[in-house]
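Positions 82 to 475 (this note's numbering) are the ones given, in order, by the sequence shown.
Have a look at the structure below, then the notes.
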Amino acid sequence: MKNPIARIALAILLLGTLGCSGCRSVPPMPGATQVAAWQKAYRALKCWNPRGLYDMPSTEPLLFAMTRICLKVPGPQDPEKGYQTLVAIDAARNEVRAVRMKSVYSGGVHYTGSGDIIWYSSGNTGEAALTQRYVEAFTLRKAENQEVSLGRIELPFVAGPGVWSLRGEDCNLLSVSNYLKDNHTPRLSEHFLVSDSAPFTGARRVEQRIRPLFWNPAGRYFVVQREAAVQDGTAAPRARADRFALDCGGREVPIEAPLKARLSQVQDPGARFLLSSRGDLLVTAERSEMSWQILVFRGEAVDVIPAREIYGDCHELPCEPFELPLDAVAWSKSGEHFMVDTSFNEVRVYRTSDLKIVANWKMKDWGDFPAHGFLSDRAAFELSKHSRMTFYEW
């Protein structure tokens, strides 16, 4: 079977009959099947959106913000198409707010330190489809039910659908790309350093072509990667990664020697990084095509979590094993545990000190790409687009 997508699909089906050696499979917490008042209120909105944008601040467990298309929101009804809606859920207080959005293509939704919600738009209602040449910021103030524009930044190109933002403690790194009308359209992008207090008033444009990687709180800067210019719609050839740091003033600053040494060991230019609250680093990287691994940097040590091998698509010998994809997705707030997705439908929790798997479970409604993360070092949540909330503890 040469089609890699087909191989992955078959492998997922076969995993239903396979166990995880050394894993502790944890069932949902007692009472997790009960439907809370906020879930009933959310379901009544009749929202949908596959893999929609969502934010859960780590300082406030069970507080969510997400963009959805909803049929039943306050105001005149249009049951056929629905409305772009920002949904804010405080599960601890059983509160749900649903507010119609001007934005059609949005990204970077997040809570601020004061409890407001901010997001960015590269396409608004009322604009001709895919003609917008600016990005706009919006906010929903705490305890209010109407969005407010925070201003816009003009772009030198027609914005493509969606905006992406990397969160920092002092500022955010906002990225927006152009609309690709065909395979020959040049790939363009703009990056801005923006604050939550005045998102676009004091925005600083990043002049270099970059790929944002992660925020380093110890140094108060973003680690980014220099990208080669691309003249047409084809992907840039992969080369050795050139990484450096930018502070919130847009200045290039030095990376501390220990972190620089870690980065030098990661050759994959497409690697994804997660830094813990105590400075440990997870890196999801490709070893070769269709072959993944996670590098775990703790102090001066580096360990490797390899992908699982499966012989599921082998019908005759000799047979080559197939590696299931894996991805590091979250640290606990303390940094004592981290979470890994594997094979698209399984979650594992590792203890940082010895890399032991302390819990694992199969996602419910995994085809919905459910949001999931830590509630503490002993519990996790999983939220599907149908408002199914499942809790796990170990």
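Every residue gets a Cβ at the ideal spot worked out from N, C-alpha and C, and that includes glycine.
Taking all protein chains shown into account, decide if M470 is buried (16 or more other Cβ within 10 angstroms of its Cβ) or exposed.
Mapped onto the sequence shown, residue 470 falls at position 389. Within a 10 Å sphere around the beta-carbon of M470 sit 16 or more other beta-carbons, which makes this residue buried.
So within the stretch 344-415, which uninterrupted beta strand (DSSP E) runs reach at least 3 residues, ignoring any that extend past its ends?
353-356, 362-369, 372-379, 382-387, 407-412
Does R307 come within less than 8 Å of chain B when only Cβ atoms are used?
No chain B is present in this structure, which holds just one protein chain.
Leaving out five residues on either side along the sequence, give the residues of the same chain with a beta carbon under 7 Å from the beta carbon of D328.
Translated into positions along the sequence shown, residue 328 becomes position 247. Excluding positions up to five away in sequence, the list reads R301, Y302, V334.
Between which two residues does the alpha helix (DSSP H) harbouring A460 extend?
Position 379 of the sequence shown, counting from 1, holds the residue named residue 460. Where A460 is concerned, there is no enclosing alpha helix (DSSP H), although the beta strand (DSSP E) it sits in stretches over 460-464.
Spell out the partners DSSP gives R332 in its beta bridges.
In the sequence shown, counting from the first residue as 1, residue 332 sits at position 251. BP columns for R332 are empty, so no partner.
Mapping the DSSP letters down to three states, classify P293 as helix, strand or coil.
Along the sequence shown, read from residue 1 onward, the residue named residue 293 stands at position 212. Reduced to three states, the DSSP call for P293 is strand.
In whole angstroms, give me the CA-to-CA distance for E463 and D446.
The count along the sequence shown starts at 1 and reaches residue 463 at position 382. The count along the sequence shown starts at 1 and reaches residue 446 at position 365. C-alpha separation (whole angstroms): 10 Å.
When DSSP builds the beta bridges, which residues end up paired with Q306?
By one-based count along the sequence shown, residue 306 stands at place 225. DSSP, once it has assigned bridges, lists R292, R324 as partnering Q306.
Would you kindly report the start and end of the unbroken alpha helix (DSSP H) that includes W119?
Residue 119 sits at position 38 when you count from the first residue of the sequence shown. First-last of the alpha helix (DSSP H) with W119: 118-125.
Given a cut-off of 8 Å, decide if L231 and F281 are closer than it, judged by their beta-carbon atoms.
Taking the sequence shown and counting its residues from 1, the one referred to as residue 281 is at position 200. Taking the sequence shown and counting its residues from 1, the one referred to as residue 231 is at position 150. In this structure, L231 lies closer than 8 Å to F281 by Cβ.
Using a Cβ-Cβ cut-off of 6 Å (strictly less than) and excluding sequence neighbours within five positions of R285, which residues of its own chain qualify?
Position 204 of the sequence shown, counting from 1, holds the residue named residue 285. Closer than 6 Å at Cβ, skipping near neighbours: L274, G331.
Round the Cβ separation of G188 and W245 to the nearest angstrom and send it over; I've been treating them as touching at under 8 Å.
Residue mapping note: residue 188 aligns to position 107 of the sequence shown, counting from 1. Residue mapping note: residue 245 aligns to position 164 of the sequence shown, counting from 1. Indeed they touch by this definition, with Cβ atoms about 5 Å apart.
Between the beta-carbon of L340 and the beta-carbon of A409, is there less than 8 Å?
In the sequence shown, residue 340 corresponds to position 259, counting from 1. In the sequence shown, residue 409 corresponds to position 328, counting from 1. No, the pair does not count as a contact, with Cβ atoms beyond the cut-off.
Could you pull the DSSP bridge partners for N483 from this structure?
With the chain running from 82 to 475 in the structure shown, residue 483 is simply not present.
DSSP on L340, reduced to helix/strand/coil?
Here residue 340 corresponds to residue number 259 of the sequence shown, with the count starting at 1. In the structure shown, L340 sits in a helix (DSSP, three-state: H, G or I).
State whether the stretch 175-183 contacts the stretch 258-277, with contact taken as three or more CB pairs (one from each stretch) at a distance under 8 Å.
no
Confirm, please, whether the CB-CB distance from T148 to L167 is below 8 Å.
Your numbering for residue 167 matches position 86 in the sequence shown. Your numbering for residue 148 matches position 67 in the sequence shown. Yes. Within cutoff.
Kindly give me the distance between the Cβ atoms of Y201 and L269, rounded to whole angstroms, as I take these residues to be in contact under 8 Å.
Counting from one through the sequence shown, the residue named residue 201 turns up at place 120. Counting from one through the sequence shown, the residue named residue 269 turns up at place 188. Not confirmed; about 17 Å, so no contact.
In its own chain, which residues sit with a C-beta less than 8 Å from the C-beta of A218, not counting the 5 before and 5 after it?
Translated into the one-based positions of the sequence shown, residue 218 becomes position 137. Closer than 8 Å at the Cβ level, and outside the excluded window around A218, lie I199, W200, Y201, S202, S230, L231, G232, R233, V275, P280, F281.
When the Cα atoms are used, what is the spatial distance from R307 to L236?
For the purposes of this step, residue 307 is taken as residue 226 along the sequence shown, with counting starting at 1. For the purposes of this step, residue 236 is taken as residue 155 along the sequence shown, with counting starting at 1. Roughly 21 Å between the two C-alpha positions.
Could you compute how far the alpha carbon of S465 sits from the alpha carbon of R178?
Mapped onto the sequence shown, residue 465 falls at position 384. Mapped onto the sequence shown, residue 178 falls at position 97. The alpha-carbon atoms of S465 and R178 are separated by roughly 18 Å.
When the Cα of T499 is compared with those of D197, A240, G196, which residue comes out closest?
Outside the displayed span of the chain (82 to 475) sits residue 499, for which this structure offers no information.
Using the Cβ count rule (16 or more neighbours within 10 Å means buried), how would you classify S413?
Numbered from 1 along the sequence shown, position 332 holds the residue referred to as residue 413. S413 should be labelled buried.
Within the same chain, show all residues whose beta-carbon is closer than 6 Å to that of S258, passing over the 5 residues directly before and after it, in chain order.
What you label residue 258 is simply residue 177 of the sequence shown in a count that begins at 1. For S258, where only same-chain residues beyond five positions count, the Cβ hits under 6 Å are G241, S270.
Helix or strand or just coil, what does DSSP make of A440?
Walking along the sequence shown from the start, residue 440 turns up at place 359. A440: strand per DSSP, three-state reduction.
Roughly how many angstroms separate the alpha carbons of E228 and P157, rounded to a whole number?
Stepping through the sequence shown from its first residue, residue 228 is reached at position 147. Stepping through the sequence shown from its first residue, residue 157 is reached at position 76. Between E228 and P157, the C-alpha separation is close to 17 Å.
Pop quiz: L247 and P293 are said to be a contact at Cβ under 8 Å. What is the actual Cβ separation, rounded to whole angstroms?
As a first step, residue 247 is located in the sequence shown; it is residue number 166 there, counting from the start. As a first step, residue 293 is located in the sequence shown; it is residue number 212 there, counting from the start. L247 to P293, Cβ: 4 Å. Contact.
Compare the beta carbon distance of A388 and W373 with 8 Å and say whether it is the shorter of the two.
In the sequence shown, the residue the question calls residue 388 occupies position 307. In the sequence shown, the residue the question calls residue 373 occupies position 292. Yes.
Tell me which residues share the same chain as G207 and place their Cβ nearer than 7 Å to its Cβ, disregarding the 5 neighbours each side in the sequence.
The residue given as residue 207 occupies position 126 in the sequence shown. Answer for G207: no residue qualifies.
Using only the alpha-carbon positions, how far apart do R214 and K162 sit?
Your numbering for residue 214 matches position 133 in the sequence shown. Your numbering for residue 162 matches position 81 in the sequence shown. Going from the Cα of R214 to the Cα of K162 covers about 26 Å.
Quick one, are the C-beta atoms of N175 and A224 less than 8 Å apart?
Translated into positions along the sequence shown, residue 175 becomes position 94. Translated into positions along the sequence shown, residue 224 becomes position 143. Contact flag unset, no.
Excluding the 5 residues preceding and the 5 following I170 in the sequence, name in chain order all residues of the same chain whose CB lies nearer than 7 Å to its CB.
Within the sequence shown, the letter at position 89 stands for residue 170. Correct list, in chain order: W119, Y123, F145, V177.
So T166 is in the beta strand (DSSP E); what residue range does that whole segment cover?
Within the sequence shown, the letter at position 85 stands for residue 166. Element bounds for T166: 164-171.
Does N226 pass the burial test, meaning 16 or more other C-beta atoms within 10 Å, or should it be called exposed?
Residue mapping note: residue 226 aligns to position 145 of the sequence shown, counting from 1. With fewer than 16 Cβ atoms within 10 Å of its Cβ, N226 is classed as exposed.
Helix, strand or coil for W200 per DSSP?
In the sequence shown, the residue the question calls residue 200 occupies position 119. Strand at W200.
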